[in-house]
Amino acid sequence: MTVVSIIKRAQFLARTNVGRQSGWIVELDGCPIGQLTDCVKTDMFWDSYAIAPIQGTDSSHLYNDELWNSAKFCFRIRESGEYANDAFCGGAPPFVKSGRILMRRLYLSPQYRSESLLVGMLSKLTRSRHRPG
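Letter by letter, the sequence shown follows residues 18 to 150 in our numbering.
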């Protein structure tokens, strides 16, 4: 990776809370079938996402507890196309409740130490700009 690409990716990760605010495409066997948006932190390690089918796909797969329980889905971030390889759902069946699903590890990690440091600095700057007063 070039220095410029590391800086751009770090900016993206900081701006989107390591991808959580960017939105995710849910794939089954390489085919996009749904999307996860509106990330809400629910616990130390868990985030809740609004789940919606992609128009023209079989939405029943998104509500199939066996597929969720056996981690058959892949999650691709909309903006950059990268995958979150270690993401999994939480709770107990039914996993999709009131149009939302609980997820863990659905984020992108910095790939380099320099990128990690940049993400940390940029995230702090962003938070300090948004603080009241």
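Every residue, glycine too, gets a C-beta built ideally from N, C-alpha and C.
Query	Result
Residues near residue 95 in its chain [Cβ-Cβ closer than 8 Å; skip 5 each side]	39, 40, 41, 42 and 52
Option in 102, 138 and 120 with minimal Cα separation from residue 109	120
Inter-residue spacing [alpha-carbon to alpha-carbon] between residue 26 and residue 67	25 Å
From 105, 143 and 45, residue whose alpha carbon lies closest to that of residue 74	45
CB of residue 105 within 7 Å of CB of residue 82, strictly	no
DSSP-derived helix/strand/coil call for residue 53	strand
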